[in-house]
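Chemist: Chains as they are written, first to last, in the working numbering: chain A, 1070 to 1316; chain B, 118 to 754. For each residue, glycine too, the CB sits at the ideal point set by N, CA and C.
1) 9 Å is my cut-off, CB to CB: does residue 1182 of chain A come that close to chain B?
2) Does any C-beta atom of chain B lie closer than 9 Å to the C-beta of residue 1103 of chain A?
3) Should residue 1207 of chain A go down as buried or exposed, given a rule of 16 or more other Cβ atoms within 10 Å for buried?
4) Determine the closest residue to residue 1084 of chain A out of A/1169, A/1164, A/1178, with distance taken between C-alpha atoms.
5) Is the segment 1093-1100 of chain A touching the segment 145-155 of chain B, taking contact as three or more C-beta pairs under 8 Å?
6) From B/238, B/220, B/313, pick the residue whose C-alpha is nearest to that of residue 566 of chain B; which is it?
7) Kindly list, in the order they appear in chain B, the residues whose Cβ is closer than 8 Å to that of residue 1259 of chain A.
8) From the DSSP output, read off the bridge partner residues of residue 1089 of chain A.
9) Per DSSP, which one or two residues make a beta bridge with residue 306 of chain B?
10) So residue 634 of chain B contacts chain A; which residues on that side make the cut at Cβ distance below 8 Å?
11) Just to confirm, is the Cβ distance from residue 553 of chain B to residue 446 of chain B under 9 Å?
12) Against residue 426 of chain B, what residues of chain A qualify as contacts under a CB-to-CB distance less than 9 Å, listed in chain order?
13) Quick check on the DSSP output: what are the complete beta strand (DSSP E) runs of length 3 or more inside the segment 408-496 of chain B, in order along the chain?
14) Could you please give me the residues that DSSP links to residue 1138 of chain A through a beta bridge?
15) Run through DSSP, which three-state label would residue 584 of chain B get?
16) Going by the DSSP bridge assignment, what does residue 657 of chain B pair with across the sheet?
17) Which residues in chain B have a C-beta closer than 8 Å to the C-beta of residue 1150 of chain A? List them in chain order.
18) How about the segment 230-237 of chain B and the segment 361-377 of chain B: do they share at least three Cβ pairs that are nearer than 8 Å?
19) Residues in its own chain within less than 7 Å of residue 751 of chain B by CB, not counting five upstream and five downstream?
20) With a threshold of 16 other CB atoms inside 10 Å of the CB of residue 735 of chain B, please say whether the residue is buried or exposed.
21) Taking 9 Å as the CB-CB cut-off, is residue 301 of chain B touching chain A?
22) Please list the residues of the segment 557-568 of chain B that have a C-beta atom closer than 7 Å to any C-beta atom in chain A, keeping them in chain order.
23) Locate the beta strand (DSSP E) running through residue 145 of chain B, then write down its first and last residues.
24) Comparing the C-beta of residue 1195 of chain A with each C-beta of chain B, is any distance below 9 Å?
25) Would residue 128 of chain B be called buried (16 or more neighbouring beta carbons within 10 Å of its own) or exposed?
26) List, in chain order, every chain A residue whose beta-carbon is nearer than 8 Å to that of residue 616 of chain B.
27) Is the CB-CB distance between residue 464 of chain B and residue 506 of chain B below 9 Å?
28) In this structure, does DSSP put residue 244 of chain B in helix, strand or coil?
29) With H, G and I counted as helix, E and B as strand and the rest as coil, what does DSSP make of residue 387 of chain B?
30) Terminal residues of the continuous alpha helix (DSSP H) containing residue 723 of chain B?
31) Scan the segment 1154-1213 of chain A and note each continuous alpha helix (DSSP H) run of 4 residues or more that stays entirely inside, going in chain order.
32) At which residues does the beta strand (DSSP E) containing residue 538 of chain B begin and terminate?
33) In the segment 671-706 of chain B, which residue ranges form an unbroken alpha helix (DSSP H) of at least 4 residues, counting only runs that do not cross its ends?
34) Does residue 216 of chain B pass the burial test, meaning 16 or more other C-beta atoms within 10 Å, or should it be called exposed?
35) Got a sec, what are the start and stop residues for the beta strand (DSSP E) residue 335 of chain B sits in?
36) Between the segment 1227-1241 of chain A and the segment 1134-1143 of chain A, do at least 3 Cβ pairs fall closer than 8 Å?
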């Protein structure tokens, strides 16, 4: 198939960017979206032009490196699919495709489609863990965990930290990301000791980073490649309020 | 150079305990005076950095990713082994040790493997305490499954995302230390070189991938946890950025490279679909627990799988290896797939595929059960191929997955360069010539959480650390060399992209140094690789500058090292006149096509010393002794 791409080009963080059009021909339906961009980039390099910068690594939908807005949707049109796992059979000959970086003031553009997501790491550093030193642990079976709790923890822990939730949200809120970590650890006995401080400290850091608030659009869940439920946001809000009341 | 593995004396069961009891300690108040650089934040690197910081050392961690949560450990699907014997099915530390030595085709160091099996149980405890959501039974206890090459159920898992969950656990432990200020985390910094002063590893050179700044960082010890080199084949299951640069640069600075030819080809990957292919995707081998592998009995059978009756199918693994069947070890399953495809019985485009069929399991257990076990893997398969594996059998083919070779290390996980420690896939130590399923995660975390914290302390306690700074001539020289190399890559201004060179190198390696190797083929590779390398340095095209985010430049820098490393790998494969594990030489096979080891002449670790680019490296041998697991022909029949 032949496609016309409109790609956001921006040479650096402090330079203004714009959409630029490129034609890509003979695209196979078996290609992944990123392989299609690889082909474009090989072509651009050959012509002495600067290739499109984009983050990617595992190309298996698990590392969370890749992410771009494709035709207005974070990670593109297919549900529960990262853009590296999106395949060209979802498009048709003659399509025009608009490709942009995650847009959020807390995720400044570094170059083209690459954004700086260090804010996520700083939020985790405030409490997204269990404070257990290596060697502290007792036997793994010493504390039984109900299967339903373990499954729920896993549902939340599936987050890959890609940032699609922020990109999809009209308020650029990071609440689904933060709630996923809080929900993961709050579902397990191991996470109870620091449950209050975790909720409080992570939410405060999230606000400090300049992410917006949740106004219940649920775009985050729709865009999440792991399908993480907004129910975790409700839980996070409860935990945060409880923790705040306790002071 | 005489290689000394520094294996403690005494019976194998007591070596590690004795080592710990005998090791010198660093006073808690003095620990903060020792600084460590940890390169790589995968399972081994993140767990090491977090644990060393907990102990009080001054830790700096480096990753070329934008976050410490992205390393390719994250992609491991199946699980992690541990000798817990929770299933009461006869597992023990001894059995895990035995299976690993045997699975490694008797080319691993017994003492290291025993220690790995010994610490495996602590890894599970630690990860559970961190909140890793392992699969549980309804009673609330941990669930296990059996995994390729094992007859007990000792594999712990978190759906099909075990690597992810373990890495996130280690990342969280690391993040906690970053928050506490005990680890300084450097993201988007790629290691360019190792700094060696007075024979000791004392620092690294990095390039900032956003600004292009090249600088040195100095410390008392350097830990490389930089993963494997499978991407020398271009197409592999590795992430795109995985590379050999850190370990290869250390090799060029004097560290020995152990067994580079040992490459694991994973039997269950999605076959390639076109020449634009950028990587291959693994389907967890846990699928082999319920899937049955087959090809048509007849050559060139063009019928769709549902049209091929039972009698016209060859379930070749079940036929050839009745006791292990579809769960035969990876090297055996991979070669068997290649064999049937070479016979012209392969399926799918190009005949490079075999069926992995779940029809029987769905009939026996029902679709919901299969969905629960493998749902995400089935979804992934369908996303990539557009075929529904609940209805049509999956097509799979072997692909490069893991590299057992790596920098040579002793029992302390220290290379022959004092102060240079190497953990996880980056070292050579525990898997011999073939790694068993669910053992990579175990080794990465074992090294990082439970081995390095003890061994590095012993190194520091020896004392003798002169202060060093980035102003030292060695550091300045290494920085200047790295800068010069960047300029050189940018200055060629030829016609070919790094990707096109990488692809061509990968093709040479896959054809001549891949699943089956011959003397003639390897010699051919030794002619082709230097030629291609020459062309690379004449005709490379890298646009842009070195002072900005330049992904083409990053790639070129990595490919440049693969161009040299490939030759080392082939040299090793050519010298090893035997077949063992992930190294199969067609000249050395039994009448029925099984690998034929030569224990008399080759029961050693081949550790290579760098002598110059294009110059033959010097071979050093560490003889392996098998006092506990007696050398035997592996049989999975």
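Modeler: In terms of the structure at hand:
1) no
2) yes
3) Residue 1207 of chain A is exposed by the Cβ-count criterion.
4) A/1178
5) no
6) B/238
7) 245, 246, 247, 248
8) A/1076
9) B/325
10) None at all; the shortest Cβ gap to chain A is about 28 Å.
11) yes
12) Neighbours of residue 426 of chain B on chain A: none; closest Cβ ~30 Å, over 9 Å.
13) Look at the segment 408-496 of chain B and you find these whole runs of beta strand (DSSP E), each 3 residues long or longer: 409-413, 471-474.
14) A/1143, A/1169
15) coil
16) B/613
17) 500
18) no
19) 219, 222
20) Classification of residue 735 of chain B: exposed, given that the 10 Å Cβ count is below 16.
21) no
22) 566
23) No beta strand (DSSP E) contains residue 145 of chain B, which is instead part of the alpha helix (DSSP H) from 145-148.
24) Yes, residue 1195 of chain A counts as interfacial toward chain B.
25) exposed
26) 1107, 1111
27) no
28) helix
29) coil
30) Segment 721-726 is the beta strand (DSSP E) holding residue 723 of chain B; no alpha helix (DSSP H) there.
31) 1187-1194
32) 537-539
33) none
34) It counts as buried.
35) Residues 331-335.
36) Output reads yes: the segment 1134-1143 of chain A touches the segment 1227-1241 of chain A.
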